[in-house]
Amino acid sequence: MNLMSTFERGPPFFVLKGIFKVNRHVDDLFEDLRDGHNLISLLEVLSGELLPRERGRMRFHQLQNVQVALDFLKNRNVCIFLNLQ
1 MNLMSTFERG PPFFVLKGIF KVNRHVDDLF EDLRDGHNLI SLLEVLSGEL LPRERGRMRF
61 HQLQNVQVAL DFLKNRNVCI FLNLQ
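Here is the structure:
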């Protein structure tokens, strides 16, 4: 599945259905994605695969979850442009 074509066409039905199943909510993009749980959940819904995640709340666990998401995208040849300042 090409993740970029999914975003260009709009969310297909299975994505909308999957988002309701995982019961995730994002108010502040920075705050809600920094621990990696919502990011991993989104990738699981889009790909249909289960990804490993750290359950702890320490900074190490948060960084590990984000790294899992980035590695997943890299392994599927998705270009990621980061604006690190």
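Quick note on the UniProt record's numbering: the sequence shown kicks off at 1 and runs consecutively.
Just so you know, even glycine gets a beta-carbon here, dropped at the ideal spot from N, CA and C.
These numbers come from a predicted model, not from an experiment.
Exercise for the section: Using a threshold of 8 Å, state whether the C-beta atoms of Ala69 and Gly36 are closer than that. Expected result: Yes, the Cβ-Cβ distance between Ala69 and Gly36 is below 8 Å.
Practice task
Output the boundary residues of the alpha helix (DSSP H) element that contains Asn65.
Solution key: Arg59 to Asn75
Problem - Which listed residue (Cys79, Leu50 and Arg34) has its alpha carbon closest to that of Arg57 - result: Arg34
Handout entry: Buried or exposed by the 16-neighbour rule on C-beta atoms within 10 Å, applied to Leu29
Key = exposed
Handout entry: Cβ neighbour criterion (16 or more within 10 Å) applied to Leu39
Key = buried
Handout entry: Endpoints, alpha helix (DSSP H) assigned at Asn23
Key = From DSSP, Asn23 is part of no alpha helix (DSSP H); its letter is neither H nor E.
Problem - Host alpha helix (DSSP H) of Leu33 (start-end) - result: Here the alpha helix (DSSP H) through Leu33 covers Leu29 to Leu33.
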